[in-house]
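So the protein lines, in turn, are chains L, V, C and S.
Heads up, the first sequence is in the numbering used here, so the first residue is 789 and it goes up one at a time.
Heads up, the second sequence is in the numbering used here, so the first residue is 789 and it goes up one at a time.
Heads up, the third sequence is in the numbering used here, so the first residue is 130 and it goes up one at a time.
Heads up, the fourth sequence is in the numbering used here, so the first residue is 130 and it goes up one at a time.
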Amino acid sequence: MTRAAPSRDELFALYERMLLIRRTEERLRDENKAGNLPGAVHLYIGEEAVATGVCAHLRATDMITSTHRGHGHYLAKGGDLNAMVAEIYARRTGICRGMGGSMHVADFSKGILGANGIVGAGFAIATGAAYSAQLAKEGRVVVDFFGDGASNQGTLMECLNIASLWHLPLVFVCEHNRFSEFSPASTVTSGQISDRARAFAIPTLVVDGNDVAAVWEAARAAIERARDGRGPTFIEAHTYRIQGHMEAESLLLGGQHYRDDAEIEGWKQRCPITSLRKQLAALGSVEVSRLEQIESHIMARVDEAVKFAVASEPADPELAFSLMFDGQQP
Amino acid sequence: MTRAAPSRDELFALYERMLLIRRTEERLRDENKAGNLPGAVHLYIGEEAVATGVCAHLRATDMITSTHRGHGHYLAKGGDLNAMVAEIYARRTGICRGMGGSMHVADFSKGILGANGIVGAGFAIATGAAYSAQLAKEGRVVVDFFGDGASNQGTLMECLNIASLWHLPLVFVCEHNRFSEFSPASTVTSGQISDRARAFAIPTLVVDGNDVAAVWEAARAAIERARDGRGPTFIEAHTYRIQGHMEAESLLLGGQHYRDDAEIEGWKQRCPITSLRKQLAALGSVEVSRLEQIESHIMARVDEAVKFAVASEPADPELAFSLMFDGQQP
Amino acid sequence: MAKKRYIHAINEALFEEMERDPKVIVFGEDVELAIMGDCRGLLARFGRDRIRNTPICEQTLTGMAVGAAAAGHRVILHLMFSNFIYTGMDAIGNQMAKMRLMSGGQARMPITVIASYGGGGANAAQHSDTAYPPLLNLGGINVATPATPADAKGLLKTAIRGNNPTFFMEAGGRGGEQGEVPEGEHLVPFGKAVIAREGRDLTLVAIGSMLKPALAAAKSLAVEGVDVEVIDPRTLVPFDAAAVLASVRKTGRLVVCDEARERCSAASEIAALVAERGFDSLKAPIRRVTTPNVCIPYAPNAESRVIPGADTIIRACLQISPAKTSLFSAAAQRAAGDLLPGA
Amino acid sequence: MAKKRYIHAINEALFEEMERDPKVIVFGEDVELAIMGDCRGLLARFGRDRIRNTPICEQTLTGMAVGAAAAGHRVILHLMFSNFIYTGMDAIGNQMAKMRLMSGGQARMPITVIASYGGGGANAAQHSDTAYPPLLNLGGINVATPATPADAKGLLKTAIRGNNPTFFMEAGGRGGEQGEVPEGEHLVPFGKAVIAREGRDLTLVAIGSMLKPALAAAKSLAVEGVDVEVIDPRTLVPFDAAAVLASVRKTGRLVVCDEARERCSAASEIAALVAERGFDSLKAPIRRVTTPNVCIPYAPNAESRVIPGADTIIRACLQISPAKTSLFSAAAQRAAGDLLPGA
Ligand SMILES: Cc1ncc(C[n+]2csc(CCOP(=O)(O)OP(=O)(O)O)c2C)c(N)n1
Ligand SMILES: Cc1ncc(C[n+]2csc(CCOP(=O)(O)OP(=O)(O)O)c2C)c(N)n1
Ligand SMILES: [Mg+2]
Ligand SMILES: [Mg+2]
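This is the structure:
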């Protein structure tokens, strides 16, 4: 059994990972604004504690499914930064060779079964992967990340049913960020989401998704349970989407509003990274300089990643033909 | 407010309706065996109390959705017997002019939005109809009948969510007959089905589906609630399918078994019609003769219906073209 | 008449039809804030009883459309992207398309489903499909593919007033295109093609988003001495076979452009129809210009490699153009020699 | 070689491939009791880890196939009736068909989906569709349509061993048909048509369930002096265009039979392909023989009015047969004059 709370080193690792996600996405935000990215990006800023706290317990052979807001999951699960940024830049060096883009970043070799543009698609993919993992008896675990909005897709219920019946090594992680695009959760999501899992006798945990240690603890229990063959767990993590649903959403909204600036400000005060930084900095000057090192190290990595992407060749258009099938022309 | 229990006259009416369904289906079973029906039939024998107890509270303008096992719902909601039997015989006088058959009996003029061959299809159709009914503000109510197997289709959850959010005048009636085709419920259905509704803060009622008075009482409360604008209710009625999943299932099974004969026998002892007959007969000789009259009257109606069907012209094949669209060639 | 954008023409049709008939309702994901633009302002005017956000559950939404129509409303369901047609396909294929015949003609299905299709925006595979061909195969579903603002308005009004299920396919990314739009009562009949450009040498059928590149191609080809007749079918179901056959009788040559993937596309259907019923007029092979049988890649260069444009259309036309091709410029001849994409 | 029924040939392939590769798993609704017949005996032999009943939830089942394949299994999903393809369409269209390209070629999708198609059993609209045309338009999905027991076995084995998603379409109600089936290692390659009957006058492409009536039609036509070549493509994706084009080069005439509805059918696709690439060989219009654009009615007389059979095929062939039609019997000429159904 792992300890109940993350150690100091573990906290630093969590901090580093969260910051990597944050700085990467801040850069993507800016690059998007500057018109440097061909496609849209949906940013995870403010929600980093969820992916980070959960994936800290996963092995390289474990698997995750992700969402349209998938950069954080990808990086938390150990996806390569350069290859991700190059993908978003539509370069041949991208993790999907420029064929997928932001909404499809995936690294199958690391168990990252892909971000996904179809809301709710992860449920069934994760359930199928968990069934495969269970049959293979190699102790692999699957984590399915999805939003509060996605929780209204009926495949959630279908998969809860199967996961419960078959005792699958599967952890459902609902990232409740209070919005489904521009619809506040209260208008489209009835009841408490984790009660949906409870109806299938699946254990549930509701956590503060902006507290990485809390997420870490809940995930530890759930993932151990799955790994031990004791079946699925449902985690509902409450957090908040700081950025728009997608960058440049104001163009779509044309002056309409769906939330208050004050609400956003309030949640910015509850930043999971800032609070962990404060906690760690309070430990002493050694820690402060370690934090500074992490910061500058990450800034350099992000710079490096963007440089790598920009310097890479554009995608090879012929791949659209050669990659459609394995060993077959389309 | 209606009384809490059905009156004697109401019990007779329930009895008559249940018997109509039973005798009709016994005849269909025999006609199927004799090779007189072109398509398959899925019989409701043993489950009559559910449709009957519920539909007793419905007005002609109320609506129902039904299943592949839909004869009982159709007759309970006041569908014409001759037209149904003629439909199953594929005659031009059939309620769907021979285009639908057993799995599609429907009478839109009576709010019977159709039996349906797609398991779970009724959820969304009923939800849409209930939304329409709510907007129209004419006090119409919708009842959605579905099986325990259908409860595993995710659209159930999607519709529970919407029904709850929008306070729809909708009653979900789960006919838990213990099997989803040849799979016992315990192997494919996790937890108690009505808990799925509870997760959406929808009131639930679990009743003995072989006790027509119990069903009647639960349905009364639920339908009144819906009619008063107080939103959806979920009824889980426990019952048992006496016949095979479909007639002549043994041909499909090729000697395999999925349930014990003793179990079937046990449930035959709990026949909803027999027990109500006993209850009514115990009231006195007037009641006994009334029961006898009902029996012979119904036998005559069923005979009459089969005669009507057999004497009717076969379906008009050209309707396949003229009915595809309203006022347009296919 | 006033110049309006495609998306505004759609918005106008929605306003007018909702004013006209209180039984018209709209629902879908985030329709209230109208992120696709087409529903802008409807909430303020008609309130949440007539236009309402739904949760994300396409499988239920298409089934609800059937139920609400059966119960007496005139339903407009907004599905956003045409890829979500797959997500909600069950009730489309098994209910919407079949309910009327299965019920012996009892059911009326006044349903309009709006979905935006097509690539070109680096939205990648799951948001760029041109997903109407599967609908065409279902039977029982009308499909409108307006290419201009005027037709967008007129076809949508016809769809909403009709009693059959209709998919109104918005040409994605065309929301900003301008065109003259008649005020008020402007109804475009289903099954009536328009000749967008008259010509004698070759018939070019261009569906929805392909009309603009087709017209551009026709203009270039005119310079080369090939006089192209461009036909916009406007609805794929019902389809104005007579118009296409008449044009082919005149020109003897046919190119069909469709942004959908080639296999079992609307282009294939139209080609088959002419090979069957217009064969005697044909003087040259039919050519289809479509997206090849691949999903839409993210990278813009790969995306434009697979989605057809004016160049692709010109090449296809030149390949089957009349003998005067000998007068063509060297450039055009080179182009004509190239393979079609994916071939 | 031994004579076996179609359904037994399928069962044999499942047994052999599950024996061969422990990574092969089967799941679906009621596969354990094998009500469709094809999975009979697998549970007893391989246990519930390898073949498992699922709840009714097609939308999840297709997605699970993607996930289990991504995680390393070789998946066989049984969907029962091809109408349920619509029910599970989301993950088919948005994941299965696209995962490989979207992931830059990382994903392997060794998935075989089994579904039974076609009418004729009075199963009515929701259990009688021939629902492969929408799959053809998706790209990324192979489609096998075995017509004989031997091909059923050989194509299924190839599908299971392949690394691309394949829909294995069982010709509904053909489970009882007998044919010679090679023992053991019998693999039928994808994209290789067979000439089921050689002939010089006309090419008749017959898909799956249409092969039997097509051969019957060819026999009758031989009596009338029309020598028909019958081609069974066996797989629609990939498609053996070369075989069809070669035959049309020889005969100059083409009829395509497909039980699917006409619009955007496989028949339309094949007709379009030949009108494009075999035009110069064509001496007559192409004819499609399909179910018209209606859903399948329940009444047997209405059902046989819309589903094509040998008669319909004979009529279509006579309509485009060579000049020697003048030698035809009066009856045949009358038949040739009739309209195609739905036309
Ligand atoms: C099947 C499907 N329906 C609709 C959409 C459009 N869409 C994209 S994101 C989104 C909202 C998702 O909300 P949630 O699951 O809470 O995730 P969040 O964006 O809040 O992270 C919607 C409706 C989609 N991509 N896929
Ligand atoms: C979408 C769909 N999947 C599968 C089937 C095949 N099927 C027909 S009935 C049935 C079982 C239904 O069980 P339940 O809902 O409990 O109803 P019951 O037959 O017990 O009345 C199945 C799987 C179908 N008709 N539709
Ligand atoms: Mg959210
Ligand atoms: Mg049941």
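Glycine included, each C-beta is placed from N, C-alpha and C at the ideal position.
Just so we're clear, the structure is a prediction, and the values are computed from it rather than from any experiment.
{"Item": "Chain-ordered neighbours of ASN824(V) on chain S, where CB pairs are closer than 9 Å", "Value": "None at all; the shortest Cβ gap to chain S is about 12 Å."}
{"Item": "Unbroken beta strand (DSSP E) run spanning VAL959(L), endpoints", "Value": "958-964"}
{"Item": "Same chain, Cβ closer than 6 Å to TYR877(V), neighbours up to 5 away in sequence not counted", "Value": "ALA1097"}
{"Item": "Nearest residue (CA-CA) to LYS321(C), options LEU284(C), GLY328(C), THR332(C) and ALA351(C)", "Value": "LEU284(C)"}
{"Item": "ALA837(V) vs GLY935(V) beta-carbon contact at 8 Å", "Value": "no"}
{"Item": "As assigned by DSSP and simplified to three states, the class of VAL1098(V)", "Value": "helix"}
{"Item": "With 16 other Cβ atoms within 10 Å as the buried cut-off, status of SER1077(V)", "Value": "exposed"}
{"Item": "DSSP three-state assignment for ALA822(L), whether helix, strand or coil", "Value": "coil"}
{"Item": "Any non-hydrogen atom of ligand 3 closer than 7 Å to ASN949(V) Cβ", "Value": "no"}
{"Item": "Pocket of ligand 3 defined by Cβ to heavy atom distance under 6 Å", "Value": "GLY935(L), ASP936(L), GLY937(L), ASN965(L), PHE967(L) and SER968(L)"}
{"Item": "Neighbour flag for THR881(L) against chain V, beta carbons, 8 Å", "Value": "no"}
{"Item": "Buried or exposed by the 16-neighbour rule on C-beta atoms within 10 Å, applied to ASP1048(L)", "Value": "exposed"}
{"Item": "The stretch 944-952 of chain L touching the stretch 934-953 of chain V, judged by at least three CB pairs closer than 8 Å", "Value": "yes"}
{"Item": "Residues bridged to THR295(S) [DSSP beta-bridge criterion]", "Value": "THR241(S) and ASN271(S)"}
{"Item": "8 Å Cβ cutoff, ARG885(V) in contact with chain C", "Value": "yes"}
{"Item": "Whole-angstrom distance between MET1034(V) and LYS821(V), CA atom to CA atom", "Value": "12 Å"}
{"Item": "Neighbour flag for ILE221(C) against chain V, beta carbons, 8 Å", "Value": "no"}
{"Item": "Three-way DSSP call (helix, strand, coil) for GLY283(S) in this model", "Value": "helix"}
{"Item": "Range covered by the beta strand (DSSP E) that runs through GLU1024(V)", "Value": "1021-1026"}
{"Item": "C-beta neighbour in chain C for MET872(V), strict 8 Å", "Value": "no"}
{"Item": "Contact set between GLY144(S) and chain C, taken where Cβ atoms lie within less than 9 Å", "Value": "What sits at residue 144(S) in the sequence shown is Phe, not Gly. Here the premise fails: no neighbours, minimum Cβ distance about 32 Å."}
{"Item": "CB contact below 8 Å: THR183(C) versus chain L", "Value": "yes"}
{"Item": "Inter-stretch contact at 8 Å, needing at least 3 Cβ pairs: the stretch 337-353 of chain C / the stretch 151-168 of chain C", "Value": "no"}
{"Item": "DSSP state of TYR1119(L) mapped onto helix, strand, coil", "Value": "Any question about residue 1119(L) goes unanswered here, given that chain L covers just 789 to 1118."}
{"Item": "Reduced DSSP secondary structure (H/G/I, E/B, other) of PRO262(C)", "Value": "helix"}
{"Item": "Residue burial classification, PRO318(S) (beta-carbon count within 10 angstroms, cutoff 16)", "Value": "exposed"}
{"Item": "Those residues which DSSP pairs with LYS132(C) across a bridge", "Value": "GLU309(C)"}
{"Item": "Host beta strand (DSSP E) of ILE442(S) (start-end)", "Value": "Note, ILE442(S): premise wrong, no beta strand (DSSP E); alpha helix (DSSP H) at 439-448."}
{"Item": "Within chain S, partners of GLY1054(L) - CB distance below 9 Å", "Value": "Those within 9 Å of GLY1054(L) in chain S number zero; the least Cβ separation is about 36 Å."}
{"Item": "Runs of beta strand (DSSP E) wholly within the stretch 168-221 of chain C (minimum 3 residues, chain order)", "Value": "180-182 and 203-210"}
{"Item": "Option in LEU993(L), GLU1051(L) and GLY1032(L) with minimal Cα separation from ALA1025(L)", "Value": "LEU993(L)"}
{"Item": "LEU1039(V) classed as buried or exposed, judged by whether at least 16 other C-beta atoms fall within 10 angstroms", "Value": "exposed"}
{"Item": "Nearest candidate by alpha-carbon position, reference PHE960(V), set ALA871(V), PRO826(V) and ILE990(V)", "Value": "ILE990(V)"}
{"Item": "CB contact check: ASN422(C) to chain S, cutoff 8 Å", "Value": "yes"}
{"Item": "ILE906(L) vs ASN223(S) beta-carbon contact at 8 Å", "Value": "yes"}
{"Item": "Chain-ordered neighbours of GLU963(L) on chain C, where CB pairs are closer than 8 Å", "Value": "Going along chain C, no residue has its Cβ under 8 Å from GLU963(L), so there is no contact; the nearest lies around 14 Å."}
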